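Worksheet: one structure, shown below.
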Amino acid sequence: MIRDNKILMTEINRIAETAGYLWEKGWAERNGGNISVNLTDCFTPQEIKMQPVESNLPLAIRAEHLKGHIFYVTGTGKRMRYVAREPWSNGALIRISPTGDSYDILAENPIRPTSELPSHLLMHDYLLAEGRQIRVVLHTHPTDIIGLTHCKPLLDSARLTRLLWSMIPECRIIVPRGLGIVGYEIPGTIELARATIEQLKHHDIIVWEKHGILAVGEDIIECFDAIDTLSKSAQIYFSARAAGFEPEGMTDEQLEGLVEPFCLPR
Ligand code: 2HA
Ligand code: ZN
Numbered sequence: 489m490i491r492d493n494k495i496l497m498t499e500i501n502r503i504a505e506t507a508g509y510l511w512e513k514g515w516a517e518r519n520g521g522n523i524s525v526n527l528t529d530c531f532t533p534q535e536i537k538m539q540p541v542e543s544n545l546p547l548a549i550r551a552e553h554l555k556g557h558i559f560y561v562t563g564t565g566k567r568m569r570y571v572a573r574e575p576w577s578n579g580a581l582i583r584i585s586p587t588g589d590s591y592d593i594l595a596e597n598p599i600r601p602t603s604e605l606p607s608h609l610l611m612h613d614y615l616l617a618e619g620r621q622i623r624v625v626l627h628t629h630p631t632d633i634i635g636l637t638h639c640k641p642l643l644d645s646a647r648l649t650r651l652l653w654s655m656i657p658e659c660r661i662i663v664p665r666g667l668g669i670v671g672y673e674i675p676g677t678i679e680l681a682r683a684t685i686e687q688l689k690h691h692d693i694i695v696w697e698k699h700g701i702l703a704v705g706e707d708i709i710e711c712f713d714a715i716d717t718l719s720k721s722a723q724i725y726f727s728a729r730a731a732g733f734e735p736e737g738m739t740d741e742q743l744e745g746l747v748e749p750f751c752l753p754r
């Protein structure tokens, strides 16, 4: 029984917990957003070879570095609010084939993964090849951050990062590598994934114009927290604007003053 694996169950519970936060935050309307987590480390060598319930489902890409890796992926058309309640019936446990261009659906869990699976796997593949300690790709639709992307002058990585960093010190600390930006692309396309990967070279969090945000990281709760902190900054900015003034923002000196005490990259 896969579900006797306590390490796996802890991870699945953290995914469900996060899915609940995405829904509660209002960032996951209908089936908005998707999550993939590399769970290969949760399994014994014996378990990794477990019998699938479906095998050799084709992938539109080849994931060279993910051969044999096991992922939990939210299900196609599934809603975050139900992932929160029942992660096993609203997500798939999949294993990438030894060739990297197809996958198996593993026992006890015959759910089809999100149609964004190839995009997620391309990102995992890139990050693993780069040696980055990343297990999670989390995509969601934070209302306030999407709102900011409707302002053309803010569609600039340095400018948007500076704006959000300067609203509260935590933002500079929790999102030290700043935000990447990808201009509008059709959702779910490989073009969107490739443009995102370009930005992942320099950032862990990428904003998609008029669509949403994507965070990568080692830990799913940390990914959520980073987006939550950015969203908080966006709310402070909008509330000041709604009250009729341009927020002053932290000064360059105040932002710079955080670098040393918090060991932040420049
Ligand atoms: O899965 O959010 O970007 C629904 C989406 C597509
Ligand atoms: Zn989306």
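For the sequence shown, this note's numbering assigns the number 489 to the initial residue and increments by one for each residue that follows.
We treat Cβ as the ideally placed atom computed from N, Cα and C, and that holds for glycine.
These numbers come from a predicted model, not from an experiment.
Secondary structure of residue 638 (DSSP, three-state): coil. CA-to-CA, the gap between residue 596 and residue 490 works out to about 8 Å. Comparing alpha carbon positions, the residue from 706, 523, 634 and 738 closest to residue 567 is 523. Under the criterion of beta carbons closer than 8 Å, residue 732 and residue 654 do not qualify as touching, at roughly 19 Å. Positions of the beta strand (DSSP E) runs, each at least 3 residues long and wholly inside the region 716 to 746, cannot be given because no such run exists. When only Cα atoms are considered, residue 604 and residue 550 end up about 14 Å apart. In the assembly as shown, residue 672 is an exposed residue. Its beta-carbon has fewer than 16 other beta-carbons within 10 Å. Within 6 Å of the C-beta of residue 521 there is at least one heavy atom belonging to ligand 1.
Relative to the non-hydrogen atoms of ligand 1, the Cβ of residue 675 comes within a distance shorter than 6 Å of at least one. Taken from the Cβ of residue 700, at least one heavy atom of ligand 2 lies inside 6 Å. The beta carbon of residue 630 is closer than 8 Å to those of 513, 515, 700, 701, 715, 718, 719 and 722 in its chain, skipping five residues each way along the sequence.
Of the candidates 520, 542, 519 and 562, the residue whose Cα lies closest to the Cα of residue 503 is 562.
Between the alpha carbons of residue 585 and residue 539 lies a gap of roughly 13 Å. Proximity to residue 495 across 677, 527 and 616 peaks at 527, based on C-alpha coordinates.
Assigned with DSSP and collapsed to three states, residue 624 falls in strand.
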